[in-house]
Amino acid sequence: MMTHRIYPTKPLECWQKVKELRLNHYKEVITARDQGKIVVQGGANAILSLIAGLGDFVFLGGEPYGASVGFDPAFSEQCAMATEAKGFARDLCAYMRNYLGSMFLDRYYFGGKFPKPDFCISTHICDTHAKWFQIVGEHFGTPHIAIDYPISTTYRRKEQKIEYLASQMHECIEEMEKLTGCYYDDEKLIEAARNEFKTMSLWGEICLLNQSIPAPLDQKSMLSLYVLPLQTRHQNETVQFYELLRDEVKERVENQIAAVATERFRYIDDSQPPWYYLKIFRYLERYGAVSVGSYYSFLLMGMMEEKGGTWVVKKTPEESGIVFKSRDDVLRALAQWYLERSVLCMLLNPHEKSTQMISMVQQWHAKAVIMHLNRGCEGTAMGQLENRLALIKAGIPVLTFESNMADRREFDETQILDRLDAFMQSQGLRKLDDLG
Numbered sequence: 000m001m002t003h004r005i006y007p008t009k010p011l012e013c014w015q016k017v018k019e020l021r022l023n024h025y026k027e028v029i030t031a032r033d034q035g036k037i038v039v040q041g042g043a044n045a046i047l048s049l050i051a052g053l054g055d056f057v058f059l060g061g062e063p064y065g066a067s068v069g070f071d072p073a074f075s076e077q078c079a080m081a082t083e084a085k086g087f088a089r090d091l092c093a094y095m096r097n098y099l100g101s102m103f104l105d106r107y108y109f110g111g112k113f114p115k116p117d118f119c120i121s122t123h124i125c126d127t128h129a130k131w132f133q134i135v136g137e138h139f140g141t142p143h144i145a146i147d148y149p150i151s152t153t154y155r156r157k158e159q160k161i162e163y164l165a166s167q168m169h170e171c172i173e174e175m176e177k178l179t180g181c182y183y184d185d186e187k188l189i190e191a192a193r194n195e196f197k198t199m200s201l202w203g204e205i206c207l208l209n210q211s212i213p214a215p216l217d218q219k220s221m222l223s224l225y226v227l228p229l230q231t232r233h234q235n236e237t238v239q240f241y242e243l244l245r246d247e248v249k250e251r252v253e254n255q256i257a258a259v260a261t262e263r264f265r266y267i268d269d270s271q272p273p274w275y276y277l278k279i280f281r282y283l284e285r286y287g288a289v290s291v292g293s294y295y296s297f298l299l300m301g302m303m304e305e306k307g308g309t310w311v312v313k314k315t316p317e318e319s320g321i322v323f324k325s326r327d328d329v330l331r332a333l334a335q336w337y338l339e340r341s342v343l344c345m346l347l348n349p350h351e352k353s354t355q356m357i358s359m360v361q362q363w364h365a366k367a368v369i370m371h372l373n374r375g376c377e378g379t380a381m382g383q384l385e386n387r388l389a390l391i392k393a394g395i396p397v398l399t400f401e402s403n404m405a406d407r408r409e410f411d412e413t414q415i416l417d418r419l420d421a422f423m424q425s426q427g428l429r430k431l432d433d434l435g
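Taking numbering that gives the first Met the number 0 as reference, the numbering of the sequence shown is continuous, increasing by one, and the terminal residue is 435.
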């Protein structure tokens, strides 16, 4: 009988805390207006600290809400069909179809009617985001503010891009003041921006800790842990939670506490997961295979940069010596911060993304990549097959499977599990319970 190392393991002590924070946020969206708070809806890439100068507000992010709906296949299908009945194509973003369908049905997943925003704000970071919240604004008859990202994967004309984005944020502040009648407080902007920078740096630091063997976190858990920054990264409470999580993960690394006791094969996955079938990760753990992260979960809200082929946490603007003396100082720092996010390569430059993925595989001690060819997200799907070829050329085994992150109708369970079994066996692995 073969024997395999068994690492010590235990649940995260802060697990219940993150569940409470996430659920409380979604419930607050329902009660916010009664509490005198501004309700804002938009894409999760919106610069949240920009809104904070207005005072108390609650933000409902399109992607995390669409994913939450996607976790419930029955409700998700109702939402998708409601959106498609309005004439929207089935191949559009699954998050958007879930979100709009929930709105058209007037059913909020966390209870009651779908909340009406005071205004919507979106950044045109992908094709869908350019129209998504225009539709929401038209449905409710509420204003929609659009900010255009001059995104690229090069530093050409860097100053012009920063100026272009910062100038739009200045205009956005004036527009928000007119819409809400609120006085804009620059001190609240500065405090929220510091939290935003810190939260994103902390998540990057936590992701880097997952290089350790055994991995202190598994991807299924990370997918729950990375959600908070998508909607509350500007809040002090979120910073405090990520400091707590960072310290706990450090302790797990020091004591070799594993996320999965039977870890023996590490892999990186790509794109968002099928939210209705997260047990795909548990299925692979039967082989001792552990996902130690993904390009998406690392970089969507984790502020890391590659230096000389090694991933490191990006310094916050103040750590880099920038002093916030005026509103313009903060807005320019925010503009530069968002324009330098590594995740933008996913949307624009598959060749650069391939290079980054190869370095991730090496730095996180992974042996393979499992790639979700995601029909539900145009942005993350772009260039994936080019990524696959580059990874294979670098000697990294790659498995692809096709489905949809938030539409259960496009998930073939039998076929996908067969592909996973065949791939694991090709790597010399058998299910641990078959080994005795």
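For each residue, glycine too, the CB sits at the ideal point set by N, CA and C.
If residue i sits next to residue j, beta carbons under 8 Å apart, how far is it from one beta carbon to the other, in whole angstroms?
| i | j | result |
| --- | --- | --- |
| ASN97 | ALA405 | 6 Å |
| ALA380 | LEU388 | Not quite, the Cβ-Cβ distance comes to about 15 Å (not below 8 Å), so this is no contact. |
| PRO116 | PHE87 | Actually they do not touch by this definition, with Cβ atoms about 20 Å apart. |
| ILE37 | PHE56 | 4 Å |
| SER442 | LEU390 | One cannot answer for residue 442 here, as it falls past the ends of the chain, which runs 0 to 435. |
| LYS219 | PHE280 | 4 Å |
| GLY54 | ILE172 | 13 Å between Cβ atoms; not a contact. |
| VAL360 | ILE395 | 5 Å |
| GLU305 | GLN271 | Not really, about 22 Å apart at Cβ, beyond 8 Å. |
| VAL259 | ALA365 | About 14 Å; that fails the 8 Å criterion. |
| ILE189 | VAL329 | 6 Å |
| ARG374 | GLU409 | 6 Å |
At a Cβ threshold of 8 Å, is residue i touching chain C?
| i | result |
| --- | --- |
| GLN15 | As a matter of chain content, chain C is missing from the structure shown, which is built from one protein chain. |
Could you tell me if residue i is buried or exposed, where buried requires 16 or more neighbouring beta carbons within 10 angstroms of its beta carbon?
| i | result |
| --- | --- |
| GLN424 | exposed |
| GLN15 | exposed |
| ASP217 | buried |
| ASN209 | buried |
| MET1 | Because MET1 sits at a pLDDT of 48, beneath the cut-off of 50, its placement in the model cannot be relied upon, and the point is left open. |
| PRO10 | exposed |
| GLN255 | exposed |
| ASP269 | buried |
| TYR107 | buried |
| SER319 | exposed |
| ALA332 | buried |
| THR403 | Reading off the sequence, residue 403 comes out as Asn, not Thr. ASN403 should be labelled buried. |
| LEU22 | exposed |
| ARG155 | exposed |
| GLN167 | buried |
| GLY382 | buried |
Let me check one thing: in DSSP terms, what residues is residue i bridge-paired to?
| i | result |
| --- | --- |
| LEU59 | GLN40 |
| PHE118 | VAL39 |
| PHE400 | HIS371 |
| GLU262 | Beta-bridge pairing links GLU262 to no other residue. |
| LYS306 | THR309 |
| ALA129 | In the DSSP output, where bridge partners are listed per residue, ALA129 has none listed. |
| ASP268 | SER293, ILE369 |
| HIS143 | CYS119 |
| ALA165 | In DSSP, ALA165 forms no bridge with anything. |
| ALA191 | Looking at the DSSP assignment, ALA191 forms no beta bridge with any residue, so it has no partner. |
Quick check: residue i and residue j, are their CB atoms within less than 8 Å of each other?
| i | j | result |
| --- | --- | --- |
| GLU262 | TYR6 | yes |
| ASP185 | ARG326 | yes |
| GLY61 | GLY41 | yes |
| THR436 | THR237 | Because residue 436 is not part of the residues shown, which for the chain are 0 to 435, the question remains open. |
| MET95 | THR127 | yes |
| GLY100 | TYR275 | no |
| SER200 | MET302 | yes |
| GLU20 | PHE240 | Note that residue 20 is Leu in the sequence shown, not Glu. Yes; because the gap between Cβ atoms is below 8 Å, this pair is in contact. |
| THR135 | CYS119 | The displayed chain sequence assigns Val, not Thr, to residue 135. In contact: VAL135 and CYS119 (Cβ atoms closer than 8 Å). |
| PHE132 | LYS26 | no |
| VAL312 | GLU204 | yes |
| ALA165 | SER48 | no |
| GLU76 | ARG407 | yes |
| PHE196 | TRP310 | no |
| ILE144 | LEU347 | no |
| HIS3 | GLY287 | yes |
Measuring alpha carbon to alpha carbon, tell me which residue in the options is nearest residue i.
| i | options | result |
| --- | --- | --- |
| LEU428 | MET168, ILE50, ARG265, GLN167 | ARG265 |
| GLU137 | ILE150, ILE161, MET102 | MET102 |
| ALA43 | GLN383, LYS306, ALA332, THR231 | THR231 |
| LEU283 | VAL312, VAL368, HIS233 | VAL368 |
| LEU398 | PHE196, GLU377, ALA421, LYS157 | ALA421 |
| VAL342 | GLN34, HIS143, GLU12, SER293 | SER293 |
| MET221 | GLU170, ARG340, CYS13, ARG156 | CYS13 |
| LYS314 | GLU409, TRP202, ALA260, GLU176 | TRP202 |
| PRO114 | TRP310, LEU59, GLU83, GLY35 | LEU59 |
| ASP438 | ALA81, PRO349, LEU338, PHE400 | Nothing about residue 438 can be reported from this structure: the residues present for the chain run from 0 to 435 only. |
| VAL248 | LYS324, ARG285, CYS206, PRO349 | CYS206 |
| THR8 | ALA257, TYR295, GLY382 | ALA257 |
| HIS233 | MET175, TYR286, ILE46 | ILE46 |
| PRO273 | LYS324, ILE415, LEU227 | ILE415 |
Between residue i and the ligand ZN, is the CB less than 7 Å from at least one heavy atom?
| i | result |
| --- | --- |
| MET359 | Among the components of this structure there are no ligands whatsoever, and the ligand ZN is therefore not found. |
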